[in-house]
Every structure is written in C-alpha cells, then in structure tokens.
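>
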Amino acid sequence: MFWINASLAAGQSPLHSQLARAQSLHNNLERISLIRSLETQINQSDDLDLQVDFVILLANSLDNTGKADEAQRILEEILPKTNNSPLLRTKIKHRLGKVLYNNHHYDASEVYLSNALDTFKKLGHFELHTRALSDLANLYHNTGRYYEGINLITHHFDEYESQLTPLLLASLYHSIARLLEQVDQIKLALMYKIKKFEIEAKLEVSESKKAGTLYAIAVSYSDIGNYEKSVQYFKLAYEIDKRSADLSYIGHSLAQLSYNTYKLGQLDTAKSYALQAIDAFTATKSQRNVAWAQHNLSLILTAQKKFEEALILQEQVVNVANKAKGDFHLKNKSLLHLSRIHFLLGHFQQAKRLANKTFKQAKIHDFRLTQIAAAKILADVYKQEHNYADAYLWQKQLTELEKHYAQTNLDKELAFVQNSLESLNKDILIKKSQLEHSNTQAELAKSQNHALVILLLFMLISVIFIVFYLRSLSNKKLLSQKNAYLDQIILQRNTLFSQIAHDISTPVTAAKLQLEAMQFNISPRDDNHLQRLDNKLGDIHRLINDLSGIALLEEAQFKISLKPQNIFEFSAQLETDLPLLITAHKYQYAFHNETSITSIDLDPVRIRQVISNLINNSIKYTHNPGHISLSIRVTQHALIFVIEDSAPTVSDQHLPHIFDHLYRVPNLATTNTAGHGIGLAIVKQVVTLHNGDIEAQQSAMGGIKVTLSLPLTRT
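Quick note: to get this note's numbering, add 49 to the position in the sequence shown (first position is 1).
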C-alpha cells in the first residue's frame, strides 16, 4: 500500500488528508467506517487518482475483514474508468491479484500479478515493479514453488541492489525469508528477518508492521525448535494484535501460540489458545485458517490420548484442505496427522492408505520432513501387521531419507556460513567506505581484519565439528536400525525354518516307512503304493520350492526387466496358455479379453508368473466342480487383470492380509492344501516392482476376486 501513502501525502485537498488518516488506522473496521463516510464526495470528484486510491484502500480493508467478494467487485467496477491510464489500470489489477491471492484463487491471481510485474517494469516504475515482484514471490510460496520464488527475488537483488530503498529491502527480506523456510534454510531465513527488523527499527514503522516482523521471527525460532523463544516473540506480536483488534492477526498469533505451547508440553494452555484461534478465524470467515487452528487442536487432543475426538476434527481439516486448491502445505500436514491418528487407533489399513498418499504428495512437492514422517508410519504399520519384508523395505527407505536430509542440512549449514561471510564482507566494505577519510581508518581496518580472522577460524572449526558430528550421528543411527531389523529377520527366518523342517520330516518319514514296507514285502509293490510314495516326494519338492521363494523374498533378490509389450498380443498368449492349466483340474473357465493394441512397459516373464500364481491359488482352494474366470481390460491409465473364483471365500477379516509374507488363512475349509504363504507374497512383490496395485475382495461367484492394476506409463 505504499503508493497510496505517497500519493496521499502529495495531495493537498481535505479528501486526501482524510484518506491518509484512514490509512493510518490499524483497526480495519474503523478504517472502513471512515472511508465509507468519504465515498460520496470522492465519487463526485474529478480526480481519478484519488478515486483509485480510495477504491484500493477500501478493497484492502474489506479483504482483511473477510469480504473478498465485495473487494473484488468494487475493483472490477472502477477498472473500465482507467482504460486511458496504464499506471492506474495496473494498480487496480495488482490489487485484484492480491485479493485473489489472499483468498486462495492462485491461478487467477498469478495472471494479474504477472501482468502487473511486466507493466510496472515497462512503465519504469521501479518501486511498484518491486512490490509486484514481492507479491508474486509470496504466491509462489503458497503454491509450493519455493525455488521459483527464491530465484525471482535473488535475480532482482543482483540486478537492482543499488536502487532498493530500505522499505523495499524490508519487503523483499520478508518474502525471501518465507520461501527459505520452506526449503529448510531456517537460519538463513531468520537472518533476513532480523535484517528486516533492524530496518524497521530505524524507520520507526507502525505497530502493525512491528507485530508482523515479530511474528515472522517467532516462526523461525519455532522452526529450529527453540519453542521457548518462539512463544516469547509470539506473545509480543499478540499484545500488539490485541490493541489493533484485527481478528485475522489475532487468530494467527493465537494459532501459533497454541502450536508452540503444545510443543512445550503445556497442553491445557495450548488447547485454550487453539479454541480462541478457531473463534477468531470463524469470525473472519476464513475456512483455511479455521482448518489450521483445528489441526493444532487435533494435535493437542492426540497428545492427550483423546484419539476419537482428534479423528473427527482432523477429518474436517482434510475436507477443507482438499478444497483449497494449490495449498499443498495444509494438504500434506493434515493427511499425515490423520494417518497417525488411524495408526494410534489400530486402523492399520486406513493409516497405510493415507500415509502412502501423503508420501507420494510430499515426494512430488519435495516436502522432505513429511516424506520421512510418512515412511515412519508405513514402517510401523507393516511391523504391527508382522509383514517384516515390507517393514524392512520402508525402514530402509526411511534411513536413506534421513541420511539424505542430514546431508542436505549440513549443506545448508555450510551455505548459511558462506552467506554470513559474504554479508559480513559486504558490511566491512561499507564500513571501510564510510571511514575512508577518517584518520583512524588504518587502525579500524586492522581491528576489523583481526576480528574477521578470528570469526573465520571459529566458523571453520564449527563447520568441521558439525560435519563430523552429523556423520557420526547418521552412521550410529543407521547401524542401530540395521541391527534391529536384522534381528527381526533372523528371528522370523529361524521360526520359519523350524516350521518347514517339521513339515519336511512328515513326508520323509512316511516315504521311508513306505519304502521299508515294500522292501520287506510288508506292502506290495503295486501302482497304488508307488503313487502314494510319489505323492510324498511331491510334498517334499513343494516345500523345497517354498524355501526358494522365501530366500528370494527375504533377501530382496527379485528383479524385473521392463520391456515394451503389445498388450493385445500378451493377453492373447495368456488366453492360449491358461485354459490347459485350469481345465486339466476339471474346473469351468471363462476368459474375457477387452484389450486393444496398446503398449505397456512390463516384465512379461514375471507378470505371467503372477497370473499363474493367482490361477494356481484358485485351483488349490476352489471346490470342485467350480468356476474360475480371468478378464483383462485397459483403462486410460492402467492395464487391469481380474481373477475370480467360486466358493469357498475368505472372511473380510483375513482378506487384507492374504498377500502378506508367510500369511495363510487359518481353518480354511479346503482339501488338505499345504503351503507357507509364499506364492501370493511373490505376487505382491512383483506388482510392487511394477509400481502397480493389487487388491482382494469378495467375489459375486462365491469365492475371491483379485484385481491387479499396472500403470501404462512408468513413474
């Protein structure tokens, strides 16, 4: 709003003075009341500049009180009047972009702000150009395009540093600090915020600006885990906000106080702050901000072990987040916490689904800490389900993420040190220039150089210490995690081998007795007895195959070789091969091929193995006479296989686990079908390596319906 201040200060009329007084008011409602009282006189005026300043100031105040639609309407109404003035027209468009941005219409906002940025530059209005650039960088922040925003401001610094006034510098420092926070360069962000605070202290800015800067500094202290310091600064900002009576500012300070007191373990105080924040944001009609305050309250309720209350509240937050287009920060945070609540309630399938979704979203937007938290939940869920193979894979991925995050943090620490040194060098050069004609210049320069040498040595030692400490910490943690999972795997394998050893001993003993009976002519050597002996040897062969499958699964030796395949030809080959396998067991068989000539990257050998394993599983467990069907179709994004069979089925309790390593449905009423849960685990492993999905559910035919989905394109 600084161009309004400038034009109003330059005006001489009473109307200009009245608008300037309205601009100085911190309370938006009081400001709106004063502006409205001037509306008739200003509309009757021939001064278009004054009318534009009036509308922009009123729109800004309305927007701050939750009346975005009215703000947008009055801006659009005056826009045609400015057709003959490119500067005034661009000011209106700039403010429209701000209103749309504040109310999360990011695509439309970007169009207006980009247009304003280009036009102000063409008109040679450097200050307005810089302000539009700062606003566009803020939009990049809210849409997760952090590096675009950082690059935008950095290039502006490089090109126009000598022209930037203290006020413009303060504005840019604010914007780049917010962006740096989101790429985890918290200390560098804090440095820019403190620079902004120093500028504002010299300029004696308004209380509302002081509150904003105090708030921003508090956020950085919160991000580096110094919650006591952050609470101290948020309280200072809150006291100023209360004096302004602006509910939006009050709500933000209360929301932050609730989160930071929660982190300090002061749960009752945190809950009180959160409830007050919800009331304040509700009064401003900001659904997004209400959702953030509710998210904080859900965190507090979870810490108080009130999981059911937290779940209801968090589901409301997720619903709002899903409607907030482009607000990926809220979406990821809300989904992650909802997954955590489901895990704590023992809802492992929901927790797993939500954590997987969060992990994928966080990976797209490069939210490293969210990826780590989601991977931790997935590892814990699989561990609770005794699915140690998948738990190990997620724990391994978690370790790699943590290691990479630690290394990245180290790089950022080094970047911060380098930035600090560059900033220090600039400050020293400025001081030297200022003292160029001073008689004490030589002595001061010597003192500064001495101080700089000491500082450089200190920083060098600090960096070396940080490097060794982080590497040591990372290696210890990695070793500890590997040892823990190796212990789990060894225990699991020993238990399994003991079971299989027992299972092998039964057919071996039976076969030996059969041979001895035939050897000593106790039993005749006829076809019937030879068939029994052959059956026992077949059991032994099956158990050996199980051992081979277990080795592949537990040592994670499955590999796939993706090759382009014609889906129609691949399906036709299955249609030729599979009926022989099924009809040999006297089952009725149906095959539906709805594919077209579409290409897909897959491992044909492994996918045929998957289909064969699923068909063999149906043959094993389906009562004879029975029905087995296979259908294949292609959607816009995936190749779909559906295998169904007739009775018996599996209860809903066991269906989610049939693809788990070593899982076998207890008390399944079949013919004496033996196995150790290896075949379906292999199926799941192959599908996972193809980035596909597999799901089992009840079949209308009376048995099980398995749906396998493979993506048409690699991800």
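Built from N, CA and C at the ideal position, the CB exists for glycine as well.
How close, in whole Å, do the beta carbons of Y638 and I677 come, if the pair is a contact with beta carbons under 8 Å?
About 5 Å separates the two Cβ atoms, so the contact holds.
> If you measure from the beta carbon of S269 to each beta carbon in chain C, is any gap under 8 Å?
Here there is only one protein chain, and chain C is not present.
> In terms of DSSP beta bridges, what is V691 paired with?
Note: V691 sits in a beta bridge opposite S680 and T756.
> From the DSSP output, which residues share a beta bridge with H641?
Looking at the DSSP assignment, H641 forms a beta bridge with S680.
> From which residue to which residue does the beta strand (DSSP E) around E744 run?
D742 to Q747 is the extent of the beta strand (DSSP E) around E744.
> What residue range does the beta strand (DSSP E) around L651 cover?
S648 to L651 is the extent of the beta strand (DSSP E) around L651.
> Which same chain residues end up closer than 6 Å to L145 when comparing Cβ atoms and leaving out the 5 residues on each side of it in sequence?
L124 and Y161.
> Rounded C-beta distance between R682 and E744? I'm assuming under 8 Å.
Going by Cβ atoms, the distance from R682 to E744 rounds to 15 Å, so no, they are not a contact pair.
> Could you please give the first and the last residue of the uninterrupted beta strand (DSSP E) stretch that includes N615?
Looking at the DSSP string, the run of the beta strand (DSSP E) that includes N615 is K612 to N615.
> Is the beta carbon of L285 closer than 8 Å to that of L306?
The answer is no: Cβ separation not under 8 Å.
> For I421, I'd like the list of residues in its chain whose CB is within less than 8 Å of its CB, leaving aside the five on either flank, ordered along the chain.
So the list reads L447, L450, E451 and Y454, once near-sequence residues are dropped.
> Name the DSSP beta bridge partners of G751, please?
Its beta-bridge partners are S695.
> If you draw a straight line from the alpha carbon of F517 to that of S511, how long is it in whole angstroms?
Their backbone Cα atoms lie some 10 Å apart in a straight line.
> Below 8 Å between beta carbons: does that hold for T671 and D694?
Yes; because the gap between Cβ atoms is below 8 Å, this pair is in contact.
> Excluding the five sequence neighbours on either side, which residues of its own chain have a C-beta within less than 6 Å of the C-beta of D709, listed in chain order?
These residues qualify, in order along the chain: N436.
> Grab the span of the alpha helix (DSSP H) containing R337 for me, first residue to last.
Per DSSP, R337 belongs to the alpha helix (DSSP H) from Q336 to A352.
> Taking the alpha carbon of H301 as the point to measure from, which residue in F330, A294, I273 and S321 has its own alpha carbon closest?
Minimum Cα distance to H301 is reached at F330.
> Whose C-beta lies closer than 6 Å to the C-beta of Q756 among residues of the same chain, with five residues either side of it excluded?
In the sequence under discussion, the amino acid at residue 756 is Thr, which differs from the Gln named in the question. Contacts found: V691 and E744.
> Which term fits T419, buried or exposed, when burial requires 16 or more other beta carbons within 10 angstroms of its beta carbon?
That one is buried.
> Are the region 651 to 671 and the region 729 to 741 in contact at 8 Å, needing three or more beta carbon pairs?
Touching, yes, given that three or more Cβ pairs across the two stretches are closer than 8 Å.
> Out of W443, E277 and T89, state which residue places its alpha-carbon closest to the alpha-carbon of L64.
The option with the nearest alpha carbon to L64 is T89.
> Pairing CB atoms from the region 252 to 260 with CB atoms from the region 290 to 300, are three or more of them under 8 Å?
With the cut-off at 8 Å, the region 252 to 260 and the region 290 to 300 touch.
> Under 8 Å, do L74 and L68 count as touching if we go by C-beta distance?
No, they are not a contact pair.
> Whole angstroms are fine: how far does the CA of I235 sit from the CA of A340?
About 25 Å.
> Assuming N308 and N345 form a contact by the criterion Cβ under 8 Å, report the distance between their Cβ atoms to the nearest whole angstrom.
Sequence inspection shows Tyr at residue 308; the Asn mentioned does not correspond to that position. Their Cβ separation, rounded to whole angstroms, is 5 Å, which keeps Y308 and N345 in contact under 8 Å.
> Which stretch, first to last residue, makes up the alpha helix (DSSP H) that contains Y161?
Looking at the DSSP string, the run of the alpha helix (DSSP H) that includes Y161 is Y155 to K171.
> Over what stretch of residues does the alpha helix (DSSP H) that includes L729 continue unbroken?
First-last of the alpha helix (DSSP H) with L729: G728 to L738.
> What is the rounded straight-line gap between the Cα of L78 and the Cα of L229?
Cα to Cα, the separation comes out at about 34 Å.
> Looking only at its chain, what residues have a beta carbon closer than 7 Å to the beta carbon of A718, apart from the 5 residues adjacent to it on each side?
In this prediction, A718 scores a pLDDT of 42, lower than 50, which makes its location untrustworthy; the coordinate-derived value is nonetheless stated afterwards. For A718, where only same-chain residues beyond five positions count, the Cβ hits under 7 Å are P697.
> In whole angstroms, what separates the C-alpha of K355 from that of G741?
Straight-line Cα distance between these residues: approximately 36 Å.
> By the 10 Å Cβ neighbour count, where 16 or more other Cβ atoms means buried, how is Y196 classified, buried or exposed?
It counts as exposed.
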